[in-house]
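Asker: When you line the sequence shown up against the working numbering, it's residues 205 to 363, in that order. Note that beta-carbon positions come from the ideal geometry of N, C-alpha and C, so glycine has one too. Handing you a structure now.
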Amino acid sequence: MKFWLFKTEPDVFSIDTLASSPGKIAPWEGVRGYGARNYLRDEIKKKDLILFYHSSCKPPHVAGLAEVVKEGYPDHFAFDKKHKYYDPKSDPQKPTWFMVDVKFKEKFSRPISLEELRSHGQLKGMVLLQPGGRLSIQPVSEEHFHYICKLAGAKSLPG
Numbered sequence: 205m206k207f208w209l210f211k212t213e214p215d216v217f218s219i220d221t222l223a224s225s226p227g228k229i230a231p232w233e234g235v236r237g238y239g240a241r242n243y244l245r246d247e248i249k250k251k252d253l254i255l256f257y258h259s260s261c262k263p264p265h266v267a268g269l270a271e272v273v274k275e276g277y278p279d280h281f282a283f284d285k286k287h288k289y290y291d292p293k294s295d296p297q298k299p300t301w302f303m304v305d306v307k308f309k310e311k312f313s314r315p316i317s318l319e320e321l322r323s324h325g326q327l328k329g330m331v332l333l334q335p336g337g338r339l340s341i342q343p344v345s346e347e348h349f350h351y352i353c354k355l356a357g358a359k360s361l362p363g
């Protein structure tokens, strides 16, 4: 099992949106960066755990937990001319973009802000806190993942 941080803008897709999705499951669609795409396509596996991060809001914060329930598969929205994630260069025979399905696990009763994350020396080295750590999908060490879950008082602590 691996641990990840997935960034999303809460006015586009929030932890509450995921929680209210049918079966509390939704595709993580629309990733259009190659680094994040490579994680979706090659490394993220079923049962991997996700820190659900709200970005482009005040304050940016870790909002809760999700779990991968379906491994990487072609992002079919890239082929739909009417969809906002349409990419005319993506070929269904050789797809460029991938997505995974994620399932809601928990919304933190106490979101952990980016500022608070930065204040904890125990999180030194976390990709999110590094200059240039802008990827929408980032690996997280098991130690950092557990530490953040404890900070948030997570009810569904893994392992």
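Determine, for S323, whether the minimum Cβ-Cβ distance to residues of chain C falls below 9 Å.
Answerer: Note that chain C does not occur in the displayed structure, where there is just one protein chain.
Asker: Would you kindly work out how many angstroms separate the C-alpha atoms of Y351 and H324, rounded to a whole number?
Answerer: 10 Å
Asker: DSSP three-state call for A223: helix, strand or coil?
Answerer: Secondary structure at A223: helix, using DSSP grouped into helix, strand and coil.
Asker: Quick test of your reading: V272 and V235, contact by CB under 8 Å. State the CB separation rounded to the nearest angstrom.
Answerer: In fact, because the Cβ distance is near 14 Å, the residues do not count as touching under 8 Å.
Asker: Going along the chain, which residues of its own chain have a beta-carbon closer than 8 Å to the beta-carbon of L321, five neighbours each way excluded?
Answerer: V266, L327, M330, L332, L333, I352
Asker: Under the DSSP definition of a beta bridge, which residues are partnered with L269?
Answerer: Bridge pairing for L269: L255, E310 [DSSP].
Asker: Alpha carbon to alpha carbon, how far is D291 from G357?
Answerer: 40 Å
Asker: Can you give me the start and stop residues for the alpha helix (DSSP H) that K211 sits inside?
Answerer: Looking at the DSSP string, K211 is not in any alpha helix (DSSP H); the run it does join, the beta strand (DSSP E), is 207 to 212.
Asker: For L222, which residues of its own chain have a beta-carbon under 6 Å away from its beta-carbon, when the five flanking residues on both sides are left out?
Answerer: The answer, listed in chain order, is A230, F308.
Asker: Where does the unbroken alpha helix (DSSP H) through I352 begin, and where does it stop?
Answerer: For I352, the uninterrupted alpha helix (DSSP H) run begins and ends at 346 to 355, by DSSP.
Asker: Just to confirm the assignment: which complete alpha helix (DSSP H) runs, minimum length 4, are found wholly within the stretch 285 to 344?
Answerer: Entirely contained in the stretch 285 to 344, the alpha helix (DSSP H) runs reaching 4 residues are, in chain order, 318 to 322.
Asker: Comparing C-alpha positions only, which one of K274, K359, S259, S224 sits nearest to E319?
Answerer: S259
Asker: On the DSSP letters alone, give me the boundaries of the beta strand (DSSP E) that A230 sits inside.
Answerer: 229 to 232
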